[in-house]
Amino acid sequence: MKNYKTPISALVLIYTPDLQVLIMERTDKAGFWQSVTGSIEGDETPHQAAIREVLEETGLDASKYNLQDWHASNVYEIYPHWRHRYAPDVIENIEHLFGLELPSPLAIKLASNEHVHYEWVDWREAAKRVFSWTNVDALKRLGEKHRLTL
Numbered sequence: 152m153k154n155y156k157t158p159i160s161a162l163v164l165i166y167t168p169d170l171q172v173l174i175m176e177r178t179d180k181a182g183f184w185q186s187v188t189g190s191i192e193g194d195e196t197p198h199q200a201a202i203r204e205v206l207e208e209t210g211l212d213a214s215k216y217n218l219q220d221w222h223a224s225n226v227y228e229i230y231p232h233w234r235h236r237y238a239p240d241v242i243e244n245i246e247h248l249f250g251l252e253l254p255s256p257l258a259i260k261l262a263s264n265e266h267v268h269y270e271w272v273d274w275r276e277a278a279k280r281v282f283s284w285t286n287v288d289a290l291k292r293l294g295e296k297h298r299l300t301l
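My numbering applies: residue 152 is where the sequence shown begins, and numbers increase by one.
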């Protein structure tokens, strides 16, 4: 039996007080930049998945910083080239949004099987570069929380 991914995930915007945002380029899709994201595993909550994914993708322990559950989510259609990871009838994912505020841009230890590069960029620049509309939405929410606009 194939071990399918659960179509519930966490997206974590990692940012600094001056709204520099961490973005990472995917290993499997050149030019696809994103924030930390990943599906829940087993009986994890989205919050637990957020902490695990931050550690796996960046080497950072989210529990040592200001991790906020934004109590918001987006439902999106899973890209066709990634649907094989899910059960055959699954085409949508529910993505829960989190923010992780760091005191300053920190060095990141990328998971080489997931990402090849990372950059710290202004949140507006991040919104131009990430490939997912849900990631753009999360960045807009970050700006709104700080009363800024694209």
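We put the CB at the ideal spot given by N, CA and C, even for glycine.
If you're wondering where the values come from, they're calculated on a predicted model, not measured in any experiment.
- At a Cβ-Cβ threshold of 8 Å, Y230 and Y155 do not count as neighbours.
- With a contact defined as Cβ atoms closer than 8 Å, T167 and V187 miss out at about 15 Å.
- As for any alpha helix (DSSP H) of minimum length 4 sitting wholly inside the stretch 194-257, the runs are 197-209, ordered along the chain.
- Cα atoms of W274 and D194: separation of roughly 32 Å, rounded to the nearest angstrom.
- Annotated three-state conformation of D288 is helix, per DSSP.
- Closest in C-alpha terms to L253, from the list T178, P158, G189 and S214, comes S214.
- In the three-state scheme derived from DSSP, where H, G and I count as helix and E and B as strand, L173 is classed as strand.
- A direct Cα-Cα distance of roughly 11 Å separates A201 from E246.
- Within the model, the alpha-carbon separation for A258 versus E243 is close to 33 Å.
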